[in-house]
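One gets our numbering by counting positions in the sequence shown from 1 and adding 93 to each.
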Amino acid sequence: MDEREVSGTIFVGHSMSAMVGCIAAARRPDLFAHLVLLCASPRYIDSEEEGYVGGFEDASIHAMLGAMESNFQAWVKGFVPNAAGSVVVEERIKQSFHAMDPDVALRVARMIFLGDEREALDVVPTSCTIIQARHDFAAPPVVAEYMQERMAAVGTGVAVEIVESVGHFPQLVASSRVADILDGVLLRLRDKGGYDAVEEAVHPASDVEVDGGAIDVMT
């Protein structure tokens, strides 16, 4: 960004990348005007002692990591339908997973699912919009609520938008709804004088129809 002389950007990060954006904004606030955090989670493992709900028990995370290490291809076959939320996008997501080196994927997964970046929420200097899928097994809405409360407690402006979608990829399954939210963010920033590059809303792709029902991560 420095090489391109870019500053005051509107950052959109999904999942792990969302937390990367929070950390980057804390270190270089001059580079960011607003953060859009899509299906983010600062910690995936529950903490009963702290009353924190991340969505997973410690044993479940270690079982998942063990499955990845034992047979990565079989793990992808079971994990992707849960993460995708719709059969229409399963193949696209599966190809993305298969393109990863299994050893690298396992190391990244350990970093993500065993990590705890909750303290990063205390130093985010930039206003944020959290976009959360209603039925995301990896980052349930309660996590978005936690993030909002923790950031608001230190004075960070933050709004939460819940998308009626299944799975961890609402940008694929409910693309028009996510695009509408992004349009709203851009237009509000423009009206406040924080961003002047928006003239009209984008024209999003059609949504993918999804089926409801329970999701089991351990398959």
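Here a beta-carbon is modelled for each residue, glycine too, at the ideal position from N, C-alpha and C.
Note that the coordinates shown come from a computational prediction; the quantities given were computed from them, not determined experimentally.
- Task: Please specify which runs of the beta strand (DSSP E), each continuous and at least 3 residues long, are wholly inside the segment 123 to 170, giving them in chain order.
- Result: 125 to 131
- Item | Residue(s) in a DSSP beta bridge with Glu254 | Here residue 254 corresponds to residue number 161 of the sequence shown, with the count starting at 1. In the DSSP output, where bridge partners are listed per residue, Glu254 has Ile224.
- Message: Please state the DSSP three-state secondary structure of His107.
- Response: For the purposes of this step, residue 107 is taken as the residue at position 14 of the sequence shown. Strand, per DSSP.
- Mind checking whether Val197 and Lys187 have CB atoms under 7 Å apart? Locating residue 197 in the sequence shown gives position 104, counting from the first residue. Locating residue 187 in the sequence shown gives position 94, counting from the first residue. For Val197 and Lys187, no; Cβs fall outside 7 Å.
- Task: Would you kindly report the start and end of the unbroken alpha helix (DSSP H) that includes Ala231?
- Result: As a position in the sequence shown, residue 231 is number 138, starting the count at 1. Taken as a continuous stretch (DSSP letters only), Ala231 belongs to no alpha helix (DSSP H), as it is neither H nor E.
- Query: From which residue to which residue does the alpha helix (DSSP H) around Asp196 run?
  - Reply: Counted from its first residue, the sequence shown places residue 196 at position 103. Residues 195 to 207.
- Which first and last residues belong to the alpha helix (DSSP H) in which Pro263 is found? As a position in the sequence shown, residue 263 is number 170, starting the count at 1. Per DSSP, Pro263 belongs to the alpha helix (DSSP H) from 263 to 266.
- Task: Quick one: using the 10 Å Cβ neighbour count with 16 as the cut-off for buried, is Arg136 buried or exposed?
- Result: Start at 1 with the first residue of the sequence shown, and residue 136 comes out as number 43. Its Cβ being crowded by 16 or more others within 10 Å, Arg136 is buried.
- Item | CA-to-CA distance, Glu212 to Gly144, given in whole angstroms | To locate residue 144, count along the sequence shown from 1; it is residue 51. To locate residue 212, count along the sequence shown from 1; it is residue 119. Their Cα atoms are separated by approximately 16 Å.
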